[in-house]
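A.B. asks: Taken in order, the sequence shown gives residues 43 to 113; the numbers are from the numbering used here.
Glycine included, every Cβ here is placed at the ideal spot set by N, Cα and C.
Quantities reported herein were computed from a predicted structural model and do not represent experimental measurements.
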Amino acid sequence: MDIKKNPNHRMYLRVLRQMSPEQKLLKAFELTEFTRELFLHGLRNRFPTSSAEDLKRIFLKRLDKCHNRNY
């Protein structure tokens with residue numbers, strides 16, 4: 043049962059199909075970098091008095107919690 047409406051899904055799939063493998067890989071790298079920056083921005087907001095070194099330590103510790111340990 044799909045409760046959430048997603049009117050642009052077909053357009054999204056069409057765009058993905060039109061992308062070359064290289065474009066898809068570059069988009070994946072871009073989204074990974076965007077996610078990291080967003081995560082760091084959230085940490086800076088949550089810990090505004092922390093130094094850059096402390097933020098990096100918190101970032102790596104929390105990133106380690108998210109790591110898939112199945113492989």
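Grab the span of the alpha helix (DSSP H) containing residue 173 for me, first residue to last.
C.D. replies: Absent from the structure is residue 173, since the part of the chain shown begins at 43 and ends at 113.
A.B. asks: CA-CA distance, residue 64 and residue 80?
C.D. replies: By 1-based counting over the sequence shown, the position of residue 64 is 22. By 1-based counting over the sequence shown, the position of residue 80 is 38. Roughly 24 angstroms separates the two Cα atoms.
A.B. asks: On the three-state DSSP scale, how would you describe residue 61?
C.D. replies: Taking the sequence shown and counting its residues from 1, the one referred to as residue 61 is at position 19. Three-state result, residue 61: coil.
A.B. asks: Could you work out which residue in 90, 87, 82, 91 is closest to residue 103 when comparing CA atoms only?
C.D. replies: If you number the sequence shown from 1, residue 103 lands on position 61. Residue 82 is the option with its Cα nearest to residue 103.
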